[in-house]
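Position one of the sequence shown corresponds to residue 66 (my numbering), numbered consecutively onward.
All C-beta atoms in this analysis are idealised placements derived from N, C-alpha and C, irrespective of residue type, glycine included.
Please read these numbers as outputs of a predicted model, since none were measured by experiment.
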Amino acid sequence: MQFAKPTPRQPGLWIERFFGSFKRDYLSHQPWETLAEAMKNIPAWIVRYDEFAPHSDLAMLSPTTFYQLSLTESHTKTTTTRVQF
66 MQFAKPTPRQ
76 PGLWIERFFG
86 SFKRDYLSHQ
96 PWETLAEAMK
106 NIPAWIVRYD
116 EFAPHSDLAM
126 LSPTTFYQLS
136 LTESHTKTTT
146 TRVQF
């Protein structure tokens, strides 16, 4: 698996995108009574974001789906490649 590296002209783009999604999808949708209540649910949101939310850099697939497809493609390539002697 390869990870995308930020380009020199956009070094913080991925973190800006993450926090934009965090504000849009987490902070603005739930009216919490306390800061502690909001903070308690952040780890679960991060797991959903990291594993199941569609990402534009992955053709709108979730990272989990993208990874599973890459395994399938890798397996297909290794099982269908013929070795010629």
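Checklist entry - V112: which of T137, L136 and P128 sits nearest, CA to CA? => result As a first step, residue 112 is located in the sequence shown; it is residue number 47 there, counting from the start. Comparing alpha carbon positions, the residue from T137, L136 and P128 closest to V112 is P128.
Item to check | Cβ distance (whole Å) where Y114 is taken to contact S86 below 8 Å | outcome: Stepping through the sequence shown from its first residue, residue 114 is reached at position 49. Stepping through the sequence shown from its first residue, residue 86 is reached at position 21. The C-beta separation of Y114 from S86 comes to about 6 Å, placing the pair in contact by the 8 Å criterion.
Item to check | Range covered by the alpha helix (DSSP H) that runs through Y114 | outcome: As a first step, residue 114 is located in the sequence shown; it is residue number 49 there, counting from the start. Segment I107 to E116, the alpha helix (DSSP H) holding Y114.
Checklist entry - So, does the CB of L78 fall closer than 9 Å to a CB anywhere in chain B? => result Given the protein chain composition of this structure (a single chain), no chain B is represented.
Next on the checklist: Please report the distance separating the alpha-carbon of T99 from that of F84.
Outcome noted: In the sequence shown, residue 99 corresponds to position 34, counting from 1. In the sequence shown, residue 84 corresponds to position 19, counting from 1. Taking the straight line from one Cα to the other gives about 20 Å.
Item to check | Length of the line joining the Cα atoms of A124 and F131 | outcome: Reading the sequence shown from its first residue, position 59 is the one you call residue 124. Reading the sequence shown from its first residue, position 66 is the one you call residue 131. Answer to the nearest angstrom: the Cα atoms are 9 Å apart.
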